[in-house]
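Quick note on numbering: the working numbering labels position 314 of the sequence shown as 573, and the sequence is numbered without any gaps.
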Amino acid sequence: MMPDLLAARAQMGTSLAFHIIFSVLGVGVPLLLCISEGLALRTKNPVWMMLTRRWARAAAILFAIGAVSGTILSFELGLLWPTYTRFAGAVVGLPFLLEGFAFFTEAIFLGLYLYGWDRLSARAHWLCSFPIWISGMASAWFIVSANSWMNTPAGFVIKNGKVVDINPFQAVFNPSTPFQTVHMILASYVATGFGVAAVYAFAYLRGKRDEYYRKGLMLAMLLALVAIPLQIVSGDFNARFLSVYQPVKFAAMEGIFRTQRGAPISIGGLADPNTGEVKYALEIPNGLSILADYNPNATIKGLDQIPREDWPNTTIVHTSFDGMVGSGFFALLVAVVFWGLFLLKKRLPTHKWLLWGVVLASPLSFLAVELGWMVTEIGRQPWSIYGYLRTKDAVTTAPLLNVSFLIFSLVYVLLAVALIWLLLKVARRPLPQVTLSEQGYEVKEPEVEKVGV
Numbered sequence: 260m261m262p263d264l265l266a267a268r269a270q271m272g273t274s275l276a277f278h279i280i281f282s283v284l285g286v287g288v289p290l291l292l293c294i295s296e297g298l299a300l301r302t303k304n305p306v307w308m309m310l311t312r313r314w315a316r317a318a319a320i321l322f323a324i325g326a327v328s329g330t331i332l333s334f335e336l337g338l339l340w341p342t343y344t345r346f347a348g349a350v351v352g353l354p355f356l357l358e359g360f361a362f363f364t365e366a367i368f369l370g371l372y373l374y375g376w377d378r379l380s381a382r383a384h385w386l387c388s389f390p391i392w393i394s395g396m397a398s399a400w401f402i403v404s405a406n407s408w409m410n411t412p413a414g415f416v417i418k419n420g421k422v423v424d425i426n427p428f429q430a431v432f433n434p435s436t437p438f439q440t441v442h443m444i445l446a447s448y449v450a451t452g453f454g455v456a457a458v459y460a461f462a463y464l465r466g467k468r469d470e471y472y473r474k475g476l477m478l479a480m481l482l483a484l485v486a487i488p489l490q491i492v493s494g495d496f497n498a499r500f501l502s503v504y505q506p507v508k509f510a511a512m513e514g515i516f517r518t519q520r521g522a523p524i525s526i527g528g529l530a531d532p533n534t535g536e537v538k539y540a541l542e543i544p545n546g547l548s549i550l551a552d553y554n555p556n557a558t559i560k561g562l563d564q565i566p567r568e569d570w571p572n573t574t575i576v577h578t579s580f581d582g583m584v585g586s587g588f589f590a591l592l593v594a595v596v597f598w599g600l601f602l603l604k605k606r607l608p609t610h611k612w613l614l615w616g617v618v619l620a621s622p623l624s625f626l627a628v629e630l631g632w633m634v635t636e637i638g639r640q641p642w643s644i645y646g647y648l649r650t651k652d653a654v655t656t657a658p659l660l661n662v663s664f665l666i667f668s669l670v671y672v673l674l675a676v677a678l679i680w681l682l683l684k685v686a687r688r689p690l691p692q693v694t695l696s697e698q699g700y701e702v703k704e705p706e707v708e709k710v711g712v
């Protein structure tokens, strides 16, 4: 049996670990189908429309699963963390409200999109895809802005133990918001790009190399190529911001136990809080000071200036951070090599080692998303709202949290299994027959299903 605090954190962490995968794909896939349908209408190539139809089905499934998952999370937030909701509700209720509007906007236009294939003009149908991906991106922005507020609280004053002088816009646009929101949205496009590309790269490895698989692979890898370098640059800005506004989290990420000038970067290794060292790490002298302040002699604040009870779990935070960065740079390498060979040879690279690299970059991209959120959340501990509300004081006093953890974990496992089963079912459907003309397009869906990729 776990203590109540650990059970509540485990339940919330497990739920978020599943939900973030649904959300990432829900943000990224609509953008892909919008681009592919636009290419179909512009080039009159039916293959682009075949991809659009396939991805539209996937987007509908992701929206449905994500809606169920998000609803469960909203209940968990109130049930597990009642003190947090009382404290935060009046301050950051606005982004949750706006996320609801974005969600319903996405639902309305997704309905128009899915049921308007034969009822809307080709251009009107394509235009319906824009509110879908824009609303998905907006939903991510609003939710992450609320999480940003937990890291750098703003927009309120505590007087006599009560929250007063609330400014919801100042809370939404807190100092962390621009860094976290951009980083998360780009992560969604990176993971979606490599996730979709892996499907077509695996098909290539199985010998399926017609135009449908080639275009699917190229468009997904193009999204990945655009997003991954921007993601790494945004991560650099984010880390530099943390060194000033969240120095404790930054020190835990980098394994800096002692305040020092000319601090090195520790790549890999295990951060040991008992010895104050990062064991087995590759160190680059002065590297961290250069990256954080563009000055090799800059002073980096260490954990020695913070009471020990306010330290996060340095081993998990440092390891997660290194895993996230390593996964991101591997994905960047794959994207650069893929498109470098494409430009060099003027054709799609089909080397097995590179296709396997694309396949491997897919789970690593999603792993980077998970590890990034572990850095964000565990790095803020022991605070729920940094500097104001400790996590141990925010948890519910209700009994049976261990039972609740097991039940909700089972629910999310079932949701994940349902998602995989439904997506595989979509992937195994034979492709529709599409005919494009100046007036629009005609689609003939197959009557029987066959097993394929």
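Where a beta carbon is used, it is the ideal one built from N, C-alpha and C, also for glycine.
- The beta carbon of Val537 sits closer than 6 Å to those of Gly514, Ser525, Gly528 and Ala530, all from its chain and outside the five residues before and after it, given in chain order.
- With a minimum length of 3 residues, the unbroken runs of beta strand (DSSP E) contained wholly in the stretch 522–578 fall at 524–526, 529–531, 536–538 and 541–543.
- Boundaries of the beta strand (DSSP E) harbouring Ile644: Trp642 to Ile644, taken from the DSSP string.
- Arg649 carries a strand assignment under DSSP once its states are collapsed to helix, strand and coil.
- When the five nearest sequence neighbours on each side are left out, the beta carbons in the same chain lying within less than 7 Å of the beta carbon of Trp385 are those of Glu296, Gly297 and Leu300, in order along the chain.
- By the Cβ test, the stretch 561–576 is in contact with the stretch 501–511, since at least three Cβ pairs between them sit closer than 8 Å.
- In this structure Leu682 is in contact with Ala317, their Cβ atoms being roughly 6 Å apart against a cut-off of 8 Å.
- Only residues of its own chain outside the window of five on either side were considered, and among them Leu660, Asn661 and Phe664 have a CB closer than 7 Å to the CB of Ala266, listed in chain order.
- Assignment of beta-bridge partners to Arg520 by DSSP yields Thr558.
- Shown here, Gln429 sits in a helix according to DSSP, grouped into three states.
- Pairing Pro390 with Gly646 gives a Cβ-Cβ distance that is not under 9 Å.
- In the structure shown, Gln505 falls within a coil segment according to DSSP collapsed to helix, strand and coil.
- In the same chain as Asp652, and ignoring 5 residues on each side of it, the C-beta atoms closer than 7 Å to its own belong to Thr342, in chain order.
- Beyond the five residues adjoining it in sequence on each side, Met396 comes within less than 7 Å, by CB distance, of Val286 and Ile444 in the same chain, given in chain order.
- Under the Cβ criterion (8 Å, minimum of three pairs), the stretch 618–636 counts as touching the stretch 442–460.
- Between Thr578 and Ala627, the alpha-carbon positions lie close to 12 Å from each other.
- DSSP, read as helix, strand or coil, puts Ile417 in strand.
- Taking the C-beta atoms as reference points, Gly414 is found no nearer than 9 Å to Ile402.
- In this structure, DSSP gives Val351 a helical state, which the three-state scheme calls helix.
- Under the DSSP definition of a beta bridge, Val423 partners with Val416.
- Of the candidates Met308, Asn304, Val327 and Ile294, Val327 places its Cα closest to the Cα of Val670.
- At a cut-off of 4 residues, the continuous stretches assigned as alpha helix (DSSP H) that sit fully inside the stretch 591–644 are 611–637.
- The C-alpha of Ser274 lies about 31 Å from the C-alpha of Ile417.
- Between Leu291 and Phe461, the CB-CB gap reaches or exceeds 9 Å.
- With the rule of 3 Cβ pairs closer than 8 Å, the stretch 462–470 does not count as touching the stretch 478–496.
- Of the residues Pro523, Thr558, Asp263 and Tyr372, the one whose Cα lies closest to the Cα of Gly546 is Pro523.
- In the DSSP assignment, Leu379 falls outside any alpha helix (DSSP H), carrying neither H nor E.
- With respect to the 9 Å criterion, Ser394 and Ala446 are not classified as neighbours on the basis of their beta carbons.
- A distance below 9 Å separates the beta carbons of Pro555 and Gly521.
- Its Cα nearest to that of Phe500, the residue Gln439 stands out among Thr650, Gly582, Gln439 and Cys387.
- Boundaries of the alpha helix (DSSP H) harbouring Asn661: Leu660 to Ala686, taken from the DSSP string.
- A direct Cα-Cα distance of roughly 36 Å separates Lys303 from Val492.
- Where Arg268 is concerned, the enclosing alpha helix (DSSP H) starts and stops at Asp263 to Thr302.
- For Met583, same chain residues with a beta-carbon under 6 Å away, outside a window of 5 residues either side, are Ala627, Leu630 and Gly631 in chain order.
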